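Each remark here refers to the structure printed beneath this line.
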Amino acid sequence: MQLNRRSLLALISSTALLPLTTGLVKAADDGVDFIILSDLHSAYERMAQMLHLIETRVAAAQRPQVILINGDLFEAGNVVAARSGGEADWAFLDALAKLAPTVLNIGNHEPDFENDLARVVETARGLGVTVLTNINDTRTGKPYAEASASLSAGGMTINIAALATTAVNTYPKATREMIDVPQPVEWAKANLPGMLTGDAINIVLSHAGVVADRDILPVVPDGTLMIGGHDHLTLVHEAGNTRYVHTGSWASLLTVATISAPGKAADLERITVDRDAPASPALEAMISSLMETHLTAEDGSVVARTTHSMTLGETARFAAAAIAASAGADIGFIGHTSFGTGLPQGDVRLFDYNAALRFEGKIMKAEVDAATLRAIMARCNQDGDTPLSARTGDFLYAAPAQPPEKERYVIACNDWSAINRKVYFGREDLAFSEVAGLQLKSLVLEALNGV
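In this text, residue positions in the sequence shown follow full-length UniProt numbering: the first is 1, and each later residue adds one.
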């Protein structure tokens, strides 16, 4: 499949309209820049700032620019986004498509506001976005979109392939019966060899998660840029000239990959997006208006105050410690993707709190021996420099990280982690029971307020 006409025109304009310096036109640099975004989740606190960064970069670019979005642009947990049907998200996508050729891989949150993916694909294509997915429509037996595309930039061919997550329970309930998602590793082995070629720049957009991606990496040609998502990780893994990249979530980061020629390793630049950075004026104004229209008094009410901003990891560890304290446990656990972003400094509105701690849940307890706890702890707190071989995808934060030595321990966690114990704890033999009267969001909020 070739990119649509509007995207090709955007690519031509991005290379033809070069900025001037001292009256002379600068020569274009070799290669192509790929601006990588993933798992944005309607992050209105930084979306306009991210757009401004991209606008500034594209305007100053001396080589072709291509924008890659690896799924989950939308987030139903953002009440303003949900009540407005993702109006600001669509405006963001529209703005990107006008800047440079833009490719979107379908993630599990793309149907959050429009449950029929066929309509999501149609709307995105109407903006000039190239949509890729390997998800099939059970009503027609056909794919919702092509799973690969080719384009030309900088005198080179670029092959892009895309695949989705099979974690069906993470898609909206109304969407699940309409989708059939192939098993990612089997699909990759059967399809990627025909989509990726030795004479082109090869890119894989995978929303399947790091566990599947680890088994897909040996399938791709050396020099492939493979982009992961879904697990909200920040990660770079090198294998020969192949680069495997995760670029965080909630519009907190973007990554620029510069590839000079087919088969060459990508040069990577990670760029932090700050809440207080300059914002794209039109999108900033739209988000402000939407907040005023759709944010209720309850949503805007101050539920806590912090003396300093907290990163996602700090917020998650605080929550894990609060779970342990409230449940009378030795150690508390909670999953990484239970959190969208960290808490801001100062007044924390309910809206901000819900962006940080995304999901409500019950609290569960179990008792384990010391050997079992050691095995569990070895899988936790993977937000540091964890090698790809040890990655589990979504992971547990644990607090305290070094509990006192005992023969037996009481552990506590949110119910999602207990239900999915094999994924998070790496075992099925944990006998959890509910702690009566405790709810996740309220207990963490009480801890924030020192109650």
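Cβ coordinates follow ideal geometry from the N, Cα and C atoms, glycine included. For clarity, every value in this text was computed on a predicted model and none was experimentally measured.
By Cβ distance, which residues of its chain are closer than 7 Å to V220, with the 5 residues on each side in sequence left out?
Around V220: L192, L196, N202, V204, M226, T242.
In the DSSP assignment, what residue or residues form a beta bridge with L151?
For L151, which the question treats as bridged, DSSP gives the partners I158.
Could you check where the alpha helix (DSSP H) with T175 kicks off and where it finishes?
Segment 173-176, the alpha helix (DSSP H) holding T175.
Could you give the distance in angstroms between the alpha-carbon of R139 and the alpha-carbon of E114?
Their Cα atoms are separated by approximately 16 Å.
Assuming A390 contacts G426 (C-beta within less than 8 Å), just tell me the rounded distance between them.
Contact doesn't hold; Cβ gap of about 11 Å is too wide.
Here's the rule: buried if 16 or more other CB atoms are within 10 angstroms of the residue's CB, otherwise exposed. What is D72?
With 16 or more other Cβ atoms within 10 Å, it is buried.
For the beta strand (DSSP E) containing N414, name the first residue and the last one.
It spans 408-414 - the beta strand (DSSP E) in which N414 sits, taken as one unbroken run.
Look at G107 and H232 and say whether their C-beta atoms are less than 8 Å apart.
In this structure, H232 does not lie closer than 8 Å to G107 by Cβ.
Tell me the DSSP bridge mates of L37?
Note: L37 sits in a beta bridge opposite I69.
In whole angstroms, what separates the C-alpha of G77 from that of L40?
The straight-line gap from Cα to Cα measures roughly 12 Å.
Please report the straight-line C-alpha distance between A321 and F333, rounded to a whole angstrom.
Looking at the two C-alpha atoms, the distance is approximately 8 Å.
When DSSP labels each residue in this structure, what does residue 504 get in the three-state scheme?
Past the boundaries of the shown model lies residue 504; the chain is included only from 1 to 451, so the question cannot be answered.
Find the nearest neighbour of L254 within the set I54, S289, E45, judged by alpha-carbon distance.
Looking at the Cα atoms, I54 is the closest of the given residues.
Do N134 and D96 have their beta-carbon atoms positioned less than 8 Å apart in this structure?
Sequence inspection shows Leu at residue 96; the Asp mentioned does not correspond to that position. No, these two residues do not count as a Cβ contact at 8 Å.
According to DSSP, simplified to helix, strand and coil, what is V131?
Of the three classes helix, strand and coil, the one that applies to V131 here is strand, per DSSP.
With a threshold of 8 Å, are at least 3 pairs of Cβ atoms found where one atom belongs to the stretch 288-299 and the other to the stretch 404-420?
No contact exists between the stretch 288-299 and the stretch 404-420.
Tell me, please, which residues DSSP counts as bridged to D180.
Answer by DSSP bridge pairing, in chain order: N136.
Just mark residue 452 as buried or exposed, buried being the case when its beta carbon has 16 or more other beta carbons within 10 Å.
Not covered by the structure: residue 452. The range shown for the chain is 1 to 451.
What residues are listed by DSSP as bridge partners for residue 507?
Residue 507 is absent from the model: the chain starts at 1 and stops at 451.
Would you kindly work out how many angstroms separate the C-alpha atoms of P182 and V58, rounded to a whole number?
So the two alpha carbons sit approximately 36 Å from each other.
Going by C-alpha distance, which of E177, S38, M50, L388 is nearest A279?
Comparing Cα-Cα distances from A279 to each of E177, S38, M50, L388, the minimum goes to M50.
Kindly identify the DSSP beta-bridge partner or partners of L254.
According to DSSP, which records beta bridges pairwise, L254 is partnered with I271.
Determine, using beta-carbon pairs with one atom in the stretch 306-325 and one in the stretch 412-419, whether at least three such pairs fall under 8 Å.
Yes, the stretch 306-325 touches the stretch 412-419.
Of the residues E367, G240, P184, I331, which one's Cα is nearest the Cα of G263?
Closest by alpha carbon: G240.
Near L443, which residues of its chain fall below 8 Å by C-beta distance, leaving aside the five closest residues on each side in sequence?
Counting only Cβ-Cβ distances below 8 Å, and skipping sequence neighbours, we find A322, I323, S326, I363.
Compare the Cα-Cα distances from S249 to each of A371, M178, L350, L312 and report the closest residue.
Of A371, M178, L350, L312, the residue nearest in Cα terms is L312.
Are T175 and A208 closer than 8 Å when you measure CB to CB?
The answer is no: Cβ separation not under 8 Å.
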